[in-house]
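Below is one structure, written out as structure tokens; comments come after it.
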Amino acid sequence: MTRDGKAFRANMTHERSSPQPDDGRATSPLGSTAPPMYGRVPTRSGFDLARDMWSRRKWLATLVLVGLLAPVLTMAGSVPDLYQSTATVLVEPQQVAEAVVRPSEAAVRSFWTNELETRLYTISQEMLSRARLEELITRFRLYPELRRRAPEAAIERMRKDIKLQPREVGQTGVWGATIAFTLSYRGTDPATVSEVTNALASSYVEKNLRVRGRQATSTAQFLQAQLEAATAKLDEQERKLQEFKQRHGSELPERFAILERLSTLVRQNAESQLGAMERRATLAKQLGDLEISTGGPDTPAARLARLKTELIELRQRFTDRYPEVMRVKAEIAALERSLGGPDPDGSTGPSGPTLRRLKQMLSDLDTQTKALKAEEQRLRREIETYQRGIEKAPEREQQLQALTRQYDAAKELHASLARRRTRRDRTASCSCCTV
Numbered sequence: 012m013t014r015d016g017k018a019f020r021a022n023m024t025h026e027r028s029s030p031q032p033d034d035g036r037a038t039s040p041l042g043s044t045a046p047p048m049y050g051r052v053p054t055r056s057g058f059d060l061a062r063d064m065w066s067r068r069k070w071l072a073t074l075v076l077v078g079l080l081a082p083v084l085t086m087a088g089s090v091p092d093l094y095q096s097t098a099t100v101l102v103e104p105q106q107v108a109e110a111v112v113r114p115s116e117a118a119v120r121s122f123w124t125n126e127l128e129t130r131l132y133t134i135s136q137e138m139l140s141r142a143r144l145e146e147l148i149t150r151f152r153l154y155p156e157l158r159r160r161a162p163e164a165a166i167e168r169m170r171k172d173i174k175l176q177p178r179e180v181g182q183t184g185v186w187g188a189t190i191a192f193t194l195s196y197r198g199t200d201p202a203t204v205s206e207v208t209n210a211l212a213s214s215y216v217e218k219n220l221r222v223r224g225r226q227a228t229s230t231a232q233f234l235q236a237q238l239e240a241a242t243a244k245l246d247e248q249e250r251k252l253q254e255f256k257q258r259h260g261s262e263l264p265e266r267f268a269i270l271e272r273l274s275t276l277v278r279q280n281a282e283s284q285l286g287a288m289e290r291r292a293t294l295a296k297q298l299g300d301l302e303i304s305t306g307g308p309d310t311p312a313a314r315l316a317r318l319k320t321e322l323i324e325l326r327q328r329f330t331d332r333y334p335e336v337m338r339v340k341a342e343i344a345a346l347e348r349s350l351g352g353p354d355p356d357g358s359t360g361p362s363g364p365t366l367r368r369l370k371q372m373l374s375d376l377d378t379q380t381k382a383l384k385a386e387e388q389r390l391r392r393e394i395e396t397y398q399r400g401i402e403k404a405p406e407r408e409q410q411l412q413a414l415t416r417q418y419d420a421a422k423e424l425h426a427s428l429a430r431r432r433t434r435r436d437r438t439a440s441c442s443c444c445t446v
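Counting from 12, one number per residue, gives the positions in the sequence shown under my numbering.
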């Protein structure tokens with residue numbers, strides 16, 4: 012064993028120290044010659060492997076594929092053809108909702124959108140109700156097999172086959188967009204599908220017309236009620252304004268013009284009184300002179316005439332309560348009693364007609380003067396009343412302005428409602444549905 016090992020090391024040493032010429036053959040580590048190599052084994056691609064596999068097992072793969080597709084094709088062939096029909100319904104806004112007060116555009120669009128959604132939901136629920144679907148199933152003889160087995164299942168099947176999809180299609184002004192929605196129905200018979208779809212759309216249109224008619228009637232009644240309420244409010248505000256002016260007329264801003272007019276009337280009254288007094292003095296002097304000439308200078312009649320003339324002059328300066336006036340009146344009364352009463356007609360003597368005429372003129376002037384004095388007192392009382400109201404004028408002016416604003420607002424509301432009711436009576440509803 013030791014010898015073999017030594018020989019192996021010697022052999023390896025020999026090979027390392029003496030390289031052999033390359034003759035195309037491989038040698039082993041022990042020095043023996045390896046069999047010759049003729050070339051490399053070529054590698055094959057996945058496609059080649061798959062082609063070889065298919066060529067060896069193609070009939071088996073075909074049988075598996077046919078086995079998988081056969082149930083699918085059988086099921087697909089047994090499913091009937093389905094047809095779908097769609098109807099589009101356009102709904103434009105109904106403008107009679109602008110009844111009470113004119114809202115903003117955003118408020119109107121919001122109102123119309125909400126109202127339309129509510130209406131669509133209500134009508135769709137009625138259209139998909141059990142009674143309505145059962146009537147359509149019976150009318151068009153839908154789902155005969157399913158109806159015989161389970162009527163409720165037929166109703167649920169039709170409810171699933173009906174599709175209702177709302178959508179917005181365009182803007183139409185302040186009243187918002189024109190709303191559209193589609194009604195779709197699917198089934199196995201194209202003619203029946205079309206008839207059912209048209210029946211559903213017609214049912215919606217008829218129902219919508221009835222709802223819109225009720226809304227128009229309700230709106231008209233509401234308009235009338237609002238107009239009546241506005242009329243009552245306007246009458247009440249007008250009554251309050253008139254009562255305020257009558258109660259505080261002397262305290263209103265126009266008091267200055269009234270005071271100026273009253274002052275002018277007082278001046279004119281004073282001038283009229285002065286003219287009447289001057290005319291009366293002239294007539295009294297003429298009457299005294301005439302009586303003196305007919306009765307003598309020392310007769311009681313002459314004295315009576317002088318006293319009457321003096322009384323006239325005193326009355327021009329003093330009132331009837333003045334002592335001198337009272338004294339003269341007492342003397343006149345005493346002389347008239349001594350003469351057997353006054354001689355108003357002055358029928359004695361040739362100057363009787365003249366005396367009567369002068370006395371009548373004096374009586375008329377006395378009546379006129381009395382009326383002028385009464386008018387003067389009335390005017391002065393009114394002036395005092397208006398002058399007392401000067402302090403309250405600013406407060407009354409504010410109250411008057413508030414009442415005036417309320418009256419104007421009530422008047423404008425009444426006029427607006429009246430115009431809208433007129434337009435409502437003239438035009439029919441602008442809402443329409445087209446299929």
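Just so it is clear, CB atoms sit at the ideal spot from N, CA and C, and this is done for glycine as well.
It should be emphasised that the depicted structure is a prediction, and the values quoted were computed from it without experimental measurement.
With respect to the 7 Å criterion, Thr-129 and Thr-193 are not classified as neighbours on the basis of their beta carbons. A residue is called buried when at least 16 other Cβ atoms come within 10 angstroms of its Cβ; Ser-96 meets this threshold and is buried.
Non-local C-beta neighbours of Ala-421 in its own chain, meaning closer than 6 Å and more than five positions away in sequence, comprise Lys-244, Leu-245 and Gln-248, ordered along the chain. In this structure, the beta-carbon distance from Phe-151 to Val-207 falls below 7 Å. Runs of the alpha helix (DSSP H) lying entirely within the stretch 195 to 268 and spanning at least 4 residues, in chain order: 201 to 258. Around the beta carbon of Gly-198, 16 or more other beta carbons sit within 10 angstroms, so the residue counts as buried. In the structure shown, the three-state DSSP call for Arg-178 is strand. Looking at Glu-342, Arg-62, Lys-251 and Lys-381, the one whose alpha-carbon comes closest to that of Arg-416 is Lys-251. In the DSSP assignment, Ser-96 falls within the unbroken beta strand (DSSP E) covering 94 to 102. With contacts defined by Cβ atoms closer than 7 Å, Arg-432 and Leu-238 form a contacting pair. Assignment of beta-bridge partners to Phe-192 by DSSP yields Val-100 and Pro-177. By the CB criterion at 7 Å, Gln-257 and Leu-383 fall outside the cutoff.
Per the coordinates, the alpha-carbon of Glu-137 lies some 7 Å from the alpha-carbon of Arg-143. Using a Cβ-Cβ distance cut-off of 8 Å, the stretch 155 to 171 and the stretch 227 to 235 are not in contact, since fewer than three pairs of beta carbons, one from each stretch, lie closer than that value. Boundaries of the alpha helix (DSSP H) around Thr-149: 141 to 151.
A distance below 8 Å between beta-carbons, with the five flanking residues on each side excluded, links Leu-318 to the following residues of its chain, in chain order: Val-339, Glu-342, Ile-343 and Leu-346. Considering only Thr-133, Arg-399 and Tyr-196, the residue with the shortest C-alpha distance to Arg-221 is Thr-133. Contact between Ala-316 and Leu-376 does not hold, since the beta-carbon distance rounds to 17 Å and is not under 8 Å. Nearest Cα to Arg-272 within the set Leu-147, Glu-393, Leu-71 and Arg-437: Glu-393.
Counted as a single uninterrupted DSSP element, the alpha helix (DSSP H) harbouring Arg-338 occupies residues 334 to 349. Within the same chain, no residue comes within 6 Å of Ser-140 by CB-CB distance, once the 5 residues on both sides are set aside. Within its own chain, the residues whose Cβ lies closer than 8 Å to the Cβ of Leu-294, once the five positions on either side in sequence are excluded, are Leu-369, Met-372, Leu-373 and Leu-376, listed in chain order. Contact annotation, Glu-335 with Phe-329: C-beta distance approximately 7 Å; criterion of less than 8 Å satisfied. Around the CB of Tyr-333, fewer than 16 other CB atoms lie within 10 Å, so the residue is classed as exposed. Asp-92 has its alpha-carbon roughly 35 Å from the corresponding atom of Trp-70. In terms of Cβ geometry, Ala-241 and His-425 form a close pair [threshold 7 Å]. Each of Glu-386, Ala-210 and Tyr-418 was checked against the Cα of Leu-276, and the nearest Cα belongs to Glu-386. Secondary structure of Ser-135 (DSSP, three-state): helix.
Secondary structure note for Ala-161: it is in no alpha helix (DSSP H), with a DSSP letter that is neither H nor E. When secondary structure is reduced to three states using DSSP, Tyr-154 falls in the coil class, being assigned neither helix nor strand. Taking a C-beta distance under 7 Å as the contact criterion, Tyr-397 and Leu-270 qualify as a contact pair. With a threshold of 16 other beta carbon atoms within 10 Å, Thr-149 falls short and is exposed. Take the alpha-carbon of Arg-67 and the one of Ser-56: they are about 17 Å apart. Straight through space, the alpha carbons of Arg-62 and Ala-72 are spaced by roughly 13 Å.
At a cut-off of 4 residues, the continuous stretches assigned as alpha helix (DSSP H) that sit fully inside the stretch 402 to 437 are 404 to 437. DSSP places Thr-275 within a helical segment (H, G or I) once states are collapsed to three.
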